[in-house]
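Asks: Position one of the sequence shown corresponds to residue 1 (the UniProt record's numbering), numbered consecutively onward. Every residue, glycine too, gets a C-beta built ideally from N, C-alpha and C. These figures come from a predicted structure and were not determined experimentally. This is the structure, below, for whatever I ask next.
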Amino acid sequence: MSSGEAPPTPPVNPAPSRPRGIPPHREWESFENHNWGVFNAPWVGENPTIEERRAYMGVYLNWMVEGSAESERQARKKAEEAATIKFAQEGKTEVKTTIFEWAVDRIYWDIWFEDYSSIAGQPPYPWRRPEEDPNEPCSDTFARILVQRRNREQERQRQQQQQRQQQRQRQRQRQQDQCVRRRRAGSFEEPQSSQRRRLEAPAREDVVFLSAMNQILSDSFGLRCVNDQDWNMNLLRYLIPHFVDRQSRQRLYSLLEEGPMMAWYCLRSIFELGYRNSIPNPGLCRCTDHMHPRHFVCVWDVNGQRTLVFKTSDT
Numbered sequence: 001m002s003s004g005e006a007p008p009t010p011p012v013n014p015a016p017s018r019p020r021g022i023p024p025h026r027e028w029e030s031f032e033n034h035n036w037g038v039f040n041a042p043w044v045g046e047n048p049t050i051e052e053r054r055a056y057m058g059v060y061l062n063w064m065v066e067g068s069a070e071s072e073r074q075a076r077k078k079a080e081e082a083a084t085i086k087f088a089q090e091g092k093t094e095v096k097t098t099i100f101e102w103a104v105d106r107i108y109w110d111i112w113f114e115d116y117s118s119i120a121g122q123p124p125y126p127w128r129r130p131e132e133d134p135n136e137p138c139s140d141t142f143a144r145i146l147v148q149r150r151n152r153e154q155e156r157q158r159q160q161q162q163q164r165q166q167q168r169q170r171q172r173q174r175q176q177d178q179c180v181r182r183r184r185a186g187s188f189e190e191p192q193s194s195q196r197r198r199l200e201a202p203a204r205e206d207v208v209f210l211s212a213m214n215q216i217l218s219d220s221f222g223l224r225c226v227n228d229q230d231w232n233m234n235l236l237r238y239l240i241p242h243f244v245d246r247q248s249r250q251r252l253y254s255l256l257e258e259g260p261m262m263a264w265y266c267l268r269s270i271f272e273l274g275y276r277n278s279i280p281n282p283g284l285c286r287c288t289d290h291m292h293p294r295h296f297v298c299v300w301d302v303n304g305q306r307t308l309v310f311k312t313s314d315t
């Protein structure tokens, strides 16, 4: 450095907004008018146990927004359900206890502030996701709620199927009643040409309909399907309601993209449980068909592409 040059100005570090080690959520003032000042309970640190974290959260959250024991119970239940849905959507069938309870507390925190967050914001959740310990047991709470959700879904599907059957029975009864009334009125005869057209039309329409639906499934839903002799109306009638259901469709996507090749699965088991929880042997499936599956699905290699192949028990 020449003698005429001024020495460089040293960088100036800005003053911290809070003492080192104090997380930002403690800078927030309480939403309750009678709680003055700052929250002064001891900080439990960045890596507390589940019990330490929840004890701290209980004191802090009630200081910020007072709640009853019932509101705490409802928020905890809602958070456990939401965490289970989140992990299930990720394809998880097991979650370590520490990870699951951290996710529950993270959601519980947001639920507690939901009446204020859209207007005044909310304090940030102070704990990062913990590291997963492979030796730690999996969460019983996650497993219990997952089974309950599956049972509710199966019951919902059973009720829907029962309602459809009852509707078909009522429709058949109405048709029979109409036939009886026509016979009694002496106007039941149908011209032979009309009978022939009525019998021939479904066969032609079925072929066109099947081809069109296969194109829709490939283009709209992105499902690559083989259109062969097993692609029939009975199978299609079974598939369409499940393609409309987002969860069932996602489980079929997972089988197509990740499932084993050349392994036949019970199709209902795939829709209800996903291929990870299904047995690649239709005779041993655990679905509501009670080990008598009627529809099957398999992943084949067709021209270098993973492709779904369907068949039914009556083909």
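(1) Tell me the DSSP secondary structure of Gln122 in three-state form.
(2) In three-state DSSP terms, what is Thr141?
(3) When you compare only the Cα positions, how much space is there between Pro126 and Phe100?
(4) Would the region 67 to 82 and the region 42 to 56 be scored as touching if the rule is three or more Cβ pairs under 8 Å?
(5) With 16 as the cutoff for other CB atoms within 10 Å, does Ser248 come out buried or exposed?
(6) Starting from Lys92 and walking both ways along the alpha helix (DSSP H), at which residues does that stretch end?
(7) Within 6 Å: the Cβ of Tyr238 and any heavy atom of the ligand ADP?
(8) Check Trp300 in the structure and name its three-state DSSP category.
(9) Which ranges does the alpha helix (DSSP H) cover as unbroken runs of at least 4 residues, wholly within the region 56 to 106, from first to last along the chain?
(10) Roughly how many angstroms lie between the CA atoms of Arg268 and Arg306, to the nearest whole one?
(11) Using 7 Å as the threshold, is the C-beta distance between Leu255 and Ile270 below it?
(12) How would you write the range of the beta strand (DSSP E) that Arg306 sits in, first residue to last?
(13) How should Val95 be labelled, buried or exposed, when 16 other C-beta atoms within 10 angstroms of its C-beta is the threshold for buried?
(14) Just to confirm the assignment, what range does the alpha helix (DSSP H) spanning Tyr253 have?
(15) Among all the DSSP beta bridges, which residues are the ones paired with His295?
(16) So what does Tyr265 bridge to, in DSSP terms?
(17) Who are the near neighbours of Gly58 in its chain, counting only those whose CB is closer than 7 Å to its CB and skipping five residues on each side?
(18) If you reduce the DSSP assignment to three classes, tell me which class Trp43 lands in.
(19) When the Cα atoms are used, what is the spatial distance from Gln161 to Gly274?
(20) State yes or no: is the C-beta of Val297 within less than 7 Å of the C-beta of Met261?
(21) By a C-beta neighbour count over all protein chains shown, 10 Å radius and 16 as the cutoff for buried, is Ser118 buried or exposed?
(22) Any idea if Ala75 is buried or exposed, counting beta-carbon neighbours within 10 angstroms, 16 or more meaning buried?
(23) In whole angstroms, give me the CA-to-CA distance for Cys138 and Arg144.
(24) Among the candidates Lys311, Arg174, Pro134, Gln165, whose CA atom is the shortest distance from the CA of Leu235?
(25) Of all the options Trp43, Gln163, Asp301, Ile111, which has the alpha carbon lying nearest to the alpha carbon of Ala263?
(26) Taking DSSP as the reference, what is the three-state secondary structure of Ser30?
(27) Assign Ser313 to buried or exposed, taking buried as 16 or more other Cβ atoms, counted over all protein chains shown, within 10 Å of its Cβ.
(28) Give me the Cα-Cα distance between Tyr108 and Asn303, rounded to the nearest whole angstrom.
(29) Do you know how far the Cα of Leu308 is from the Cα of Gln171?
(30) Do Phe39 and Arg26 have their C-beta atoms within less than 7 Å of each other?
(31) Taking just the CA atoms, how far does Arg150 sit from Ile279?
Replies: According to the structure data:
(1) Here the question's residue 122 lines up with position 122 in the sequence shown. In the structure shown, Gln122 sits in coil (DSSP, three-state: anything other than H, G, I, E or B).
(2) The count along the sequence shown starts at 1 and reaches residue 141 at position 141. Thr141 falls in the helix class under three-state DSSP.
(3) Residue numbering aside, residue 126 sits at position 126 when the sequence shown is read from its first letter. Residue numbering aside, residue 100 sits at position 100 when the sequence shown is read from its first letter. Distance between the alpha carbons of Pro126 and Phe100 is about 17 Å.
(4) no
(5) Locating residue 248 in the sequence shown gives position 248, where the first residue counts as 1. That one is buried.
(6) As a working mapping, residue 92 is identified with position 92 in the sequence shown. Where Lys92 is concerned, there is no enclosing alpha helix (DSSP H), given that its DSSP letter is neither H nor E.
(7) Among the components of this structure there are no ligands whatsoever, and the ligand ADP is therefore not found.
(8) Residue numbering aside, residue 300 sits at position 300 when the sequence shown is read from its first letter. If DSSP states are grouped into helix, strand and coil, Trp300 belongs with the strands.
(9) 69 to 89
(10) Taking the sequence shown and counting its residues from 1, one reaches residue 268 at position 268. Taking the sequence shown and counting its residues from 1, one reaches residue 306 at position 306. Those two C-alpha atoms are separated by around 20 Å.
(11) What you label residue 255 is simply residue 255 of the sequence shown in a count that begins at 1. What you label residue 270 is simply residue 270 of the sequence shown in a count that begins at 1. Yes. Within cutoff.
(12) Reading the sequence shown from its first residue, position 306 is the one you call residue 306. That run of the beta strand (DSSP E) goes 305 to 312.
(13) The residue you call residue 95 lines up with position 95 of the sequence shown. Per the 10 Å Cβ criterion, buried.
(14) Here residue 253 refers to the residue found at position 253 of the sequence shown. Per DSSP, Tyr253 belongs to the alpha helix (DSSP H) from 246 to 258.
(15) One-based indexing of the sequence shown puts residue 295 at position 295. Partner(s): Thr312.
(16) Within the sequence shown, residue 265 is the residue found at index 265, counting from 1. Paired residues: Val297.
(17) The residue labelled residue 58 in the question sits at position 58 within the sequence shown. There are no such residues.
(18) Residue 43 sits at position 43 when you count from the first residue of the sequence shown. Trp43: coil per DSSP, three-state reduction.
(19) If you number the sequence shown from 1, residue 161 lands on position 161. If you number the sequence shown from 1, residue 274 lands on position 274. Looking at the two C-alpha atoms, the distance is approximately 20 Å.
(20) For the purposes of this step, residue 297 is taken as the residue at position 297 of the sequence shown. For the purposes of this step, residue 261 is taken as the residue at position 261 of the sequence shown. Not in contact: Val297 and Met261 (Cβ atoms no closer than 7 Å).
(21) Locating residue 118 in the sequence shown gives position 118, where the first residue counts as 1. Under this definition Ser118 is an exposed residue.
(22) Position 75 of the sequence shown, counted from the first residue, corresponds to residue 75. Buried, since its Cβ has 16 or more Cβ neighbours within 10 Å.
(23) Taking the sequence shown and counting its residues from 1, the one referred to as residue 138 is at position 138. Taking the sequence shown and counting its residues from 1, the one referred to as residue 144 is at position 144. Roughly 11 Å between the two C-alpha positions.
(24) Locating residue 235 in the sequence shown gives position 235, counting from the first residue. Checking every option, the nearest Cα to that of Leu235 belongs to Lys311.
(25) As a first step, residue 263 is located in the sequence shown; it is residue number 263 there, counting from the start. The residue with the shortest Cα to Cα distance from Ala263 is Asp301.
(26) If you number the sequence shown from 1, residue 30 lands on position 30. Residue state, collapsed to three classes: coil.
(27) Sequence index remark: in the sequence shown, residue 313 carries index 313 (1-based). Classification for Ser313: exposed.
(28) By 1-based counting over the sequence shown, the position of residue 108 is 108. By 1-based counting over the sequence shown, the position of residue 303 is 303. Going by the C-alpha atoms only, they are around 50 Å apart.
(29) Translated into positions along the sequence shown, residue 171 becomes position 171. Translated into positions along the sequence shown, residue 308 becomes position 308. Distance between the alpha carbons of Gln171 and Leu308 is about 34 Å.
(30) As a working note, residue 39 is residue 39 in the sequence shown. As a working note, residue 26 is residue 26 in the sequence shown. Yes.
(31) Numbered from its first residue, the sequence shown carries residue 279 at position 279. Numbered from its first residue, the sequence shown carries residue 150 at position 150. Roughly 17 Å between the two C-alpha positions.
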